[in-house]
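Worksheet for the structure shown next.
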Amino acid sequence: MLRIRYLATLGLLGLLAWFQWQIWTGRGSYPNVELMREEIRVQKTSNELMRQDNERLANDIADLRDGREKMEEIARQELGMIKPNEVFVQYTKP
Numbered sequence: 001m002l003r004i005r006y007l008a009t010l011g012l013l014g015l016l017a018w019f020q021w022q023i024w025t026g027r028g029s030y031p032n033v034e035l036m037r038e039e040i041r042v043q044k045t046s047n048e049l050m051r052q053d054n055e056r057l058a059n060d061i062a063d064l065r066d067g068r069e070k071m072e073e074i075a076r077q078e079l080g081m082i083k084p085n086e087v088f089v090q091y092t093k094p
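Numbering-wise (the UniProt record's numbering), the sequence shown opens with residue 1 and increments by one.
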């Protein structure tokens, strides 16, 4: 009877030690959880920046579909197009 109690106590202490080992070094350990929280924070920041970019692009697409003003702006900036009776002056820094 004493031997069974001794083995049961030893088994429970071993189980307790194993649980403590998992808490401090295992997959769900405190340091690992903090690392995951930091990764989540970085990912949320990245997601917010991408959401803003997507919103800007969606607005550009809507402008292109709805009117000619955006197309004219792009043509003027990227292709150097001018309207009839306009004077184009190019200035370059020396």
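We put the beta carbon where it would ideally sit given N, CA and C, even for glycine.
### Run of the alpha helix (DSSP H) containing Met36, from where it starts to where it stops
Tyr30 to Asp66
### Query
In chain order, what residues of the same chain have a beta carbon less than 6 Å from the beta carbon of Lys70, not counting five sequence neighbours either side?
Asp63 and Leu64
#### Entry: The alpha helix (DSSP H) enclosing Met71, as first and last residue numbers
Glu69 to Leu79
### Query
Which first and last residues belong to the alpha helix (DSSP H) in which Gly14 is found?
Leu2 to Thr25
### Query
If you draw a straight line from the alpha carbon of Leu57 to that of Met50, how long is it in whole angstroms?
10 Å
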